[in-house]
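To start, the structure under review is shown below, and the notes come after it.
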């Protein structure tokens, strides 16, 4: 079968190269399940003209067909996650070169690998058959939607990136709990009540000028104005203005609370059973638990049929040494019994680089 795979998959990788905008459009189509340009433009923040042009180009490349937009299995490009024991080095290189975006090494009781695949619909059957027939312990998930909590973001001047506004998330969780009839649980279960009613630090709102000029936040806090003046090339008056703005944003006073210790542990949490909507809200609302990416998925068998509906796959980031505390808190918060796997990420490989060198985290 290896020779057949090499012939079938060789040269496919060029057609699967997508920029950020293309990927955003395809992810939006998966979520909306229609091709109405006004809806897509609203979700992506792009103009309708840009959406039409991009979709036309994607259709020409064969990434999806217009009449099949509402049918997952006829969409030309399918996001697939494969989880299994010791996959690295055993998976056919033709598959890795053609469809695999990254390979993550994770640790449970044994060594696992997570393959992030983008598979054309025409090849899906062969891929599923290959993995189920070649490996004994492997799970495959079709990722239905992509979510990064973009509605709850704020700018982190230390990491120079966007972070989640957990105050907004806590309000969202409260709304879900009340709407879904979980209000009695708040009176009975203290861990959940603590999470819901805890008001985390408000997001820091700084001007663009302030963000650009603060390159090293710890140096800024610990040095005098004259040091900043000579090393950052700005006047003492500008330093004074920046400090005033930081004080108004409540940063200087709550530096320790706002910026926790360096986050070093990343893990996957795969939940296959439970009240998914409640778990989704609860998981996103943990203030000490930044969610790097969040997926709703379907588990697949070798024939491409759904094994279990409503699987949740979350990629999380924990403080150093925070894994035990997370397990204790998370298990206490579960109302119903759930089936879940916890995989701690150790390395990230790109299969297209020689030897699969580790990517800097």
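Residue numbers (our numbering): 31 to 391. Cβ coordinates follow ideal geometry from the N, Cα and C atoms, glycine included. These numbers come from a predicted model, not from an experiment.
Under the three-state DSSP convention, the category residue i falls into
i: residue 121; result: coil
i: residue 91; result: coil
i: residue 375; result: strand
i: residue 331; result: coil
i: residue 302; result: coil
i: residue 75; result: coil
i: residue 52; result: helix
i: residue 82; result: helix
i: residue 172; result: strand
i: residue 297; result: strand
i: residue 103; result: Residue confidence for residue 103 is low, a pLDDT of 43 falling below 50, so the modelled location carries little weight; the figure read from the coordinates is stated next. Three-state DSSP puts residue 103 in a helix.
i: residue 167; result: coil
i: residue 154; result: helix
i: residue 126; result: helix
i: residue 109; result: strand
C-alpha distance - residue i paired with residue j, whole-angstrom precision
i: residue 378; j: residue 133; result: 6 Å
i: residue 156; j: residue 79; result: 37 Å
i: residue 144; j: residue 88; result: 27 Å
i: residue 346; j: residue 86; result: 35 Å
i: residue 164; j: residue 75; result: 43 Å
i: residue 142; j: residue 116; result: 6 Å
i: residue 154; j: residue 299; result: 25 Å
i: residue 373; j: residue 146; result: 15 Å
i: residue 184; j: residue 325; result: In this prediction, residue 184 scores a pLDDT of 46, lower than 50, which makes its location untrustworthy; the coordinate-derived value is nonetheless stated afterwards. If I take the Cα positions, the gap works out to 21 Å.
i: residue 136; j: residue 84; result: 36 Å
i: residue 70; j: residue 91; result: 19 Å
i: residue 73; j: residue 59; result: 10 Å
i: residue 131; j: residue 68; result: 30 Å
i: residue 125; j: residue 332; result: 16 Å
i: residue 161; j: residue 376; result: 23 Å
i: residue 65; j: residue 158; result: 28 Å
i: residue 149; j: residue 128; result: 9 Å
i: residue 55; j: residue 327; result: 19 Å
i: residue 343; j: residue 302; result: 9 Å
i: residue 173; j: residue 52; result: 17 Å
i: residue 118; j: residue 152; result: 25 Å
i: residue 341; j: residue 371; result: 11 Å
Residue i, buried or exposed, once every other Cβ within 10 Å from all chains shown has been counted against 16
i: residue 335; result: exposed
i: residue 329; result: buried
i: residue 77; result: exposed
i: residue 81; result: buried
i: residue 337; result: exposed
i: residue 296; result: buried
Proximity test, Cβ basis, 8 Å: residue i and chain B
i: residue 117; result: Among the protein chains of the structure shown there is no chain B, as only one such chain exists.
- Query: Three or more C-beta pairs closer than 8 Å, one from the region 107-123 and one from the region 154-170: is that the case here?
  - Reply: yes
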